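The block underneath contains the structure these notes are about, expressed in structure tokens.
2 protein chains.
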Amino acid sequence: MRSEPRSGCAINAAVEVLGDSWSLIVLRDIVFGDRRYFRELFSLNDESIASNMLASRLRRLTDDGLLTREDAARGQRARYSLTEAGIQTVPVMVALGTWGMNHRRTSPELTVRARILAEHPELVSALMDELRETHLGVSLPDPEGPRASERLQAAFEAELGGS
Amino acid sequence: MRSEPRSGCAINAAVEVLGDSWSLIVLRDIVFGDRRYFRELFSLNDESIASNMLASRLRRLTDDGLLTREDAARGQRARYSLTEAGIQTVPVMVALGTWGMNHRRTSPELTVRARILAEHPELVSALMDELRETHLGVSLPDPEGPRASERLQAAFEAELGGS
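Residue numbers (my numbering), protein chains in the order written: chain A, 1 to 163; chain B, 1001 to 1163.
Set out below in structure tokens:
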């Protein structure tokens, strides 16, 4: 765990946990890439995270209560799951994605998802519900409809096809 | 200016600019504390920022296009202003404040504002319009009504009085 916070400010509290170059990138890969294991988080990362950096971020996010790590049986890989606090970083990522999309050079194909989420707040909530099901075992209110990830993927494909 | 981004991802683009321990804290003090000069940003900061850190953040935020620095006349202090890109970090701060408030120990009196902004999205837009007036000289659509900062302050006082 951590030492005392620098102040009682809520923005500072979040910056102390999430304000570095990699924590939100690792969370992004878990949320949007459905990567749950060290090896895939390492090898599929677009920003070429170093393995010792990834190990250190996973340890800190677990210590800070954003991830849980399932103890692996002998010969099995340890799997990471988001906690509720981890899932609730999704709106932070959406806000950051909106800013990045509007003020930085980005790749069109890597920006479609950010734009769709910025324009459809209900999809953000649905995605968070889906993460609660996948990571926390909480049943979705309506398990019959298409999942948020599927709707996001469909919107993504429609967007690419239509432009 | 900076070297090439680590990837074309919009979230990464924002993390590269804002993902450190201090940039958003300095922006917070400018946005919510209306501090425009080095001396007040330094001496009033709740997290005890070091003066060399503050100088380095102000320089980088200016280089990255989130702040402008007005050249000071001899004997006068340089004043910092938010750019449009700087003003558009407000929703990121609101999202971070919401997360910090819900998942970390914070001071009630430093959290009221985060809660009011989380609950009143229209106040976030009004605050950004007010910043456009103060920092960019853009006239407000309705200059007759109470300003967002006044509404925020009134809501803050009502909240403290009522609890």
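Beta carbons are placed, not taken as given, at the ideal position from N, Cα and C, and that holds for glycine. Fair warning: this is a prediction, and the values are worked out from it, not measured in the lab.
Less than 9 Å separating the beta-carbons of residue 99 of chain A and residue 1018 of chain B? yes
With a cut-off of 8 Å, do at least 3 Cβ pairs link the segment 80-100 of chain A to the segment 23-42 of chain A? yes
Spatial neighbours of residue 1079 of chain B within its chain, please: CB distance less than 7 Å, with the 5 preceding and 5 following residues excluded, ordered by chain position. 1036, 1037 and 1070
Backbone secondary structure at residue 1111 of chain B - three-state DSSP: helix
Return the chain-ordered ranges of every alpha helix (DSSP H) run that is complete within the segment 19-59 of chain A and spans a minimum of 4 residues. 23-33 and 38-43
Separation of residue 119 of chain A from residue 1121 of chain B, as counted between CA atoms: 15 Å
Does any residue of chain A bring its CB to less than 9 Å from the CB of residue 1109 of chain B? yes
When DSSP labels each residue in this structure, what does residue 83 of chain A get in the three-state scheme? coil
With 9 Å as the threshold, decide whether the Cβ of residue 1081 of chain B is near any Cβ in chain A. no
Using beta carbons (cut-off 9 Å, strictly below), is residue 65 of chain A in contact with chain B? yes
Measuring alpha carbon to alpha carbon, tell me which residue in A:82, A:66, A:13 and A:151 is nearest residue 117 of chain A. A:151
Tell me, please, whether the CB atom of residue 163 of chain A is closer than 9 Å to any CB atom in chain B? Confidence is the limiting factor: at residue 163 of chain A the pLDDT is only 48, short of 50, which leaves the residue's position unreliable, though a coordinate-based value still follows. Judged by the 9 Å Cβ criterion, residue 163 of chain A is not in contact with chain B.
Environment of residue 4 of chain A [buried if 16+ CB atoms lie within 10 Å]: exposed
Chain-order list of residues whose beta-carbon lies under 6 Å from that of residue 163 of chain A (same chain, five-residue window excluded): Note that residue 163 of chain A scores a pLDDT of 48, beneath 50, so its modelled location is shaky; the value from the coordinates is reported in the next line. Taken in chain order, the list of residues that qualify is empty.
Local conformation of residue 163 of chain A per DSSP, three classes: Low confidence applies to residue 163 of chain A: its pLDDT is 48, below 50, so where it sits in the model is not reliable, and the reading given next is rough at best. Three-state DSSP puts residue 163 of chain A in coil, outside helix and strand.
Under 9 Å, do residue 12 of chain A and residue 1084 of chain B count as touching if we go by C-beta distance? no
By DSSP, does residue 1004 of chain B sit in helix, in strand, or in coil? coil
Closest Cβ-Cβ distance between residue 28 of chain A and chain B: below 9 Å? yes
Measuring straight from C-alpha to C-alpha, what distance separates residue 22 of chain A and residue 101 of chain A? 19 Å
Provide the residue(s) that pair with residue 68 of chain A in DSSP beta bridges, ordered along the chain. A:81
Starting from the Cα of residue 66 of chain A, find the closest Cα among B:1103, B:1147 and B:1138 and give me that residue. B:1103
Residue 73 of chain A classed as buried or exposed, judged by whether at least 16 other C-beta atoms fall within 10 angstroms: exposed
Hey, is residue 1105 of chain B's beta-carbon within less than 9 Å of any beta-carbon in chain A? yes
Under a CB-based cut-off of 9 Å, is residue 128 of chain A close to chain B? no
Compile a chain-ordered list of the residues in the segment 6-29 of chain A whose CB is closer than 9 Å to at least one CB of chain B. 6, 7, 8, 9, 10, 11, 12, 13, 14, 15, 16, 17, 18, 19, 20, 21, 22, 23, 24, 25 and 28
Taking Cβ to Cβ, would you say residue 1081 of chain B is nearer than 9 Å to residue 1068 of chain B? yes
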